[in-house]
Amino acid sequence: MPFYVAPEQQMKDRADYARKGIARGRSVVVLQYDDGILFVADNPSRALHKISEIYDRIAFAAVGKYNEFEQLRLAGVRYADVNGYMYDRSDVTARGLANAYAQSLGAIFTEQTKPYEVELVVAEVGDDASSDQIYRLTFDGSVADEHGFVAMGGAADAVATALKEGYRDGESLSEALKVAVHALQQQDAERVLEAEKLEVAVLDRNRDRRLFRRLAPSRIDELLARSADAPAAPEAPAED
Amino acid sequence: MASMPMGGGLPGVFMNSGPSSFADFLGAYRPELLPGNRMVSGSVEHLNIPHATTIVAVTFPGGVIMAGDRRATAGNVIAQRDIEKVFPADEYSAVAIAGTAGIGLEMTRLFQVELEHYEKMEGRLLSLEGKANRLATLIRGNLGMAMQGLVVVPLFAGYDLEKGIGRIFSYDAAGGRYEEHDFHSIGSGSVFAKGALKKLWRPDLSEADARVVCVQALYDAADDDSATGGPDLTRGIFPVLASITDDGFLRVPDAEVGDVARAVVEARYTSPGGPNAPLR
Numbered sequence: 004m005p006f007y008v009a010p011e012q013q014m015k016d017r018a019d020y021a022r023k024g025i026a027r028g029r030s031v032v033v034l035q036y037d038d039g040i041l042f043v044a045d046n047p048s049r050a051l052h053k054i055s056e057i058y059d060r061i062a063f064a065a066v067g068k069y070n071e072f073e074q075l076r077l078a079g080v081r082y083a084d085v086n087g088y089m090y091d092r093s094d095v096t097a098r099g100l101a102n103a104y105a106q107s108l109g110a111i112f113t114e115q116t117k118p119y120e121v122e123l124v125v126a127e128v129g130d131d132a133s134s135d136q137i138y139r140l141t142f143d144g145s146v147a148d149e150h151g152f153v154a155m156g157g158a159a160d161a162v163a164t165a166l167k168e169g170y171r172d173g174e175s176l177s178e179a180l181k182v183a184v185h186a187l188q189q190q191d192a193e194r195v196l197e198a199e200k201l202e203v204a205v206l207d208r209n210r211d212r213r214l215f216r217r218l219a220p221s222r223i224d225e226l227l228a229r230s231a232d233a234p235a236a237p238e239a240p241a242e243d
Numbered sequence: 003m004a005s006m007p008m009g010g011g012l013p014g015v016f017m018n019s020g021p022s023s024f025a026d027f028l029g030a031y032r033p034e035l036l037p038g039n040r041m042v043s044g045s046v047e048h049l050n051i052p053h054a055t056t057i058v059a060v061t062f063p064g065g066v067i068m069a070g071d072r073r074a075t076a077g078n079v080i081a082q083r084d085i086e087k088v089f090p091a092d093e094y095s096a097v098a099i100a101g102t103a104g105i106g107l108e109m110t111r112l113f114q115v116e117l118e119h120y121e122k123m124e125g126r127l128l129s130l131e132g133k134a135n136r137l138a139t140l141i142r143g144n145l146g147m148a149m150q151g152l153v154v155v156p157l158f159a160g161y162d163l164e165k166g167i168g169r170i171f172s173y174d175a176a177g178g179r180y181e182e183h184d185f186h187s188i189g190s191g192s193v194f195a196k197g198a199l200k201k202l203w204r205p206d207l208s209e210a211d212a213r214v215v216c217v218q219a220l221y222d223a224a225d226d227d228s229a230t231g232g233p234d235l236t237r238g239i240f241p242v243l244a245s246i247t248d249d250g251f252l253r254v255p256d257a258e259v260g261d262v263a264r265a266v267v268e269a270r271y272t273s274p275g276g277p278n279a280p281l282r
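Those protein sequences? They're chains A and B, same order as listed. Each residue of the first sequence is one higher than the one before, starting from 4 at the first, in the working numbering. Each residue of the second sequence is one higher than the one before, starting from 3 at the first, in the working numbering.
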């Protein structure tokens, strides 16, 4: 005989379950800098990415259960490529993709027995910082339009607090990366993150067409070593 | 929390696991969008659809150059003087089209998305062989239309990152894939271009020399084939040259091609047949 569970309780249980799953993982931060949007993940894997290219100006970052956010990432790439092929490359937008993700996550949350244990960011770099778009999506399909910075994953509150203290608008890539790494190290007391343990990528508005680039560990080291009071060297376009 | 107008979510087929091929996915999701899936009834011969014409590709140590003229013809009429026939396929390869321009342009677009899609889905580039094979599959999908006269035969060239060399692949209308050595040409002017390439190609060409060889070959094709356009000095329309090396795809700037083209035309005033190869 089936038990009766109040809808409120059912939704609360699912949300608690999803939150617990997400809280087990390590954090990812996304923040704006003067030439675009920076993505930094506490992720020692070179092959299993938490940050990925979706389209020319759009990237994706995720925390939570790998197989679930990977499925969403692949669906997002298909969505973007189908729309770009059917219409034009300029008709593929982060807003459209965030809407599609929100619908899918909302449907999964209410209709399926187990919600997805994921949190996503879909970001699109614009011609200047004011036209950058950062959408944060949670497991239940809610969408938030963010400005400046986002922290998701394990100790997201501690990371977000550190970001709030350190973040300033219009910083250089090197400064933004330092703020991001410092924030990620607040996940727990002993956390020290070297370049090898970081996954770092940018959407650089000064590049041509495909603006997404991963940064190699050597490049990350170089950026982190750059002294804060040294005159800002002209930023070379990020290399693979 | 910003409120957003909600459209539909991602259709179920988007969430399924499946191949990393864009064309295969599109075939399952919206098959009518694939170029080969629109059968035409009746004969297309009287339609006068623009055809695009001579393409050449020349290898040199460290890469390959691909070049195409700019003329599209519909019957005896020049349909366009500055059409582009050479395109980047991805960062390390180029594709050029001969045959029915409309289908060729669409297939090129599909092929570009196909390679980028694979790269994003898998997180790695396809091998050059893999890219060449995918293109063969796309052409095979067009066989029905080819049999009704809407033929497309591309030329594919790229830099093989594993072997460190430039390679050229040609195709037939049925999707047969053939690796060409040293140089190749396709299109209505190709018989004339190939003669020039055969006489001018050397194994030790520099990149700059390879560019000249391409322009010379295209000049000879335009000289004898009415469907191939020569360098248009009065309008400043020059062949499209793409260079693919370790550094990736580069569309040679028009100013540089213009310099080569003007030098080639200049030399033809005194020697209409172009440079001579040694007799023995």
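Idealized CB from N, CA, C, for every residue including glycine. Note that the structure is predicted; figures quoted are calculated from it, not measured.
{"Item": "Under three-state DSSP, which class holds His-150/A?", "Value": "coil"}
{"Item": "Looking only at its own chain, which residues have a Cβ that is under 7 Å from the Cβ of Ala-195/B, when we skip the five neighbours before and after it?", "Value": "Thr-56, Val-58, Ser-187, Ala-219, Leu-220, Asp-222, Ala-223"}
{"Item": "For Phe-112/A, which residues of its own chain have a beta-carbon under 7 Å away from its beta-carbon, when the five flanking residues on both sides are left out?", "Value": "Arg-17, Pro-118, Phe-142, Asp-143, Gly-144"}
{"Item": "I want to verify the contact list: residues of chain B whose CB lies under 9 Å from the CB of His-52/A, in sequence order.", "Value": "Gly-125"}
{"Item": "What are the residues of the segment 181 to 196 of chain A that lie near chain C, defined by any Cβ-Cβ distance shorter than 9 Å?", "Value": "The chain labelled as chain C is not found among the protein chains of the depicted structure, namely A and B."}
{"Item": "So, is the C-beta of Val-80/A closer than 7 Å to a C-beta in chain B?", "Value": "yes"}
{"Item": "In the DSSP assignment, what are the bridge partners of Arg-179/B?", "Value": "Tyr-173/B"}
{"Item": "Below 8 Å, how does it come out for the segment 70 to 77 of chain B and the segment 256 to 263 of chain B: are there three or more Cβ pairs, yes or no?", "Value": "no"}
{"Item": "Quick one: what's got a C-beta closer than 6 Å to Ala-147/A's C-beta in the same chain, skipping five residues either side?", "Value": "Arg-139"}
{"Item": "Scan the segment 21 to 64 of chain A and note each continuous beta strand (DSSP E) run of 3 residues or more that stays entirely inside, going in chain order.", "Value": "31 to 36, 39 to 45, 54 to 58"}
{"Item": "Against chain A, which members of the segment 124 to 145 of chain B pass a CB distance test of less than 9 Å?", "Value": "Gly-125"}
{"Item": "Whose C-beta lies closer than 6 Å to the C-beta of Glu-149/A among residues of the same chain, with five residues either side of it excluded?", "Value": "Ile-137, Arg-139"}
{"Item": "Opposite Leu-140/A in the DSSP bridges: which residues?", "Value": "Leu-123/A, Val-146/A"}
{"Item": "Give a yes or no on whether the minimum CB-CB distance between Val-115/B and chain A is below 7 Å.", "Value": "yes"}
{"Item": "Around the Cβ of Met-41/B, are there at least 16 other Cβ atoms within 10 angstroms (buried) or fewer (exposed)?", "Value": "exposed"}
{"Item": "Can you give the Cα-Cα distance for Thr-102/B and Asn-50/B, rounded to whole angstroms?", "Value": "10 Å"}
{"Item": "Are there 16 or more other CB atoms within 10 angstroms of the CB of Arg-212/A, so buried, or fewer, so exposed?", "Value": "exposed"}
{"Item": "How many whole angstroms separate the CB atoms of Glu-127/A and Ile-61/A, which I take to be in contact at a CB cut-off of 8 Å?", "Value": "5 Å"}
{"Item": "In the DSSP assignment, what residue or residues form a beta bridge with Tyr-69/A?", "Value": "Answer is none; Tyr-69/A lacks a bridge partner."}
{"Item": "How about Met-6/B: is its C-beta nearer than 7 Å to some C-beta of chain A?", "Value": "Because the pLDDT at Met-6/B is just 37, under 50, the model does not fix this residue reliably, and the value given afterwards should be weighed accordingly. At least one chain A Cβ lies under 7 Å of Met-6/B."}
{"Item": "Tell me the rounded alpha-carbon separation between Glu-114/A and Ala-50/A.", "Value": "32 Å"}
{"Item": "Let me check understanding here. Comparing Cα to Cα, which of Asp-37/A, Asn-70/A, Gly-39/A, Val-95/A lies closest to Asp-82/A?", "Value": "As written in the sequence, residue 82/A is Tyr, which differs from the Asp given in the question. The option with the nearest alpha carbon to Tyr-82/A is Val-95/A."}
{"Item": "Starting from the beta carbon of Phe-89/B, find every residue of chain A whose beta carbon is closer than 8 Å, and list them in chain order.", "Value": "Under the 8 Å cutoff, chain A gives no residues; its nearest Cβ is about 13 Å from Phe-89/B."}
{"Item": "If you drop the 5 nearest sequence neighbours on each side, which residues of the same chain put their C-beta closer than 7 Å to that of Val-267/B?", "Value": "Pro-233, Leu-235"}
{"Item": "For Glu-174/A, does the count of other Cβ atoms within 10 angstroms reach 16, so buried, or fall short, so exposed?", "Value": "buried"}
{"Item": "Anyone know if the C-beta pair for Gln-189/A and Ala-154/A falls short of 7 Å?", "Value": "no"}
{"Item": "Using a 10 Å radius around the Cβ and a threshold of 16 neighbouring Cβ atoms, would you call Thr-110/B buried or exposed?", "Value": "buried"}
{"Item": "Could you name the residues of chain B that Gln-74/A contacts, counting a contact when the two beta carbons are closer than 8 Å?", "Value": "Met-17, Ser-19"}
{"Item": "Show which residues of chain B have a CB atom less than 9 Å away from the CB atom of Ala-97/A.", "Value": "Result: empty, since nearest Cβ-Cβ is about 12 Å, beyond 9 Å."}
{"Item": "Going along the chain, which unbroken runs of the alpha helix (DSSP H) with 4 or more residues stay wholly within the segment 60 to 90 of chain B?", "Value": "none"}
{"Item": "Using the beta-carbon of each residue, which ones in chain B are nearer than 9 Å to Leu-2/A?", "Value": "Shown here, chain A extends from 4 to 243; a query on residue 2/A therefore has no answer."}
{"Item": "Taking Cβ to Cβ, would you say Tyr-94/B is nearer than 7 Å to Tyr-161/B?", "Value": "yes"}
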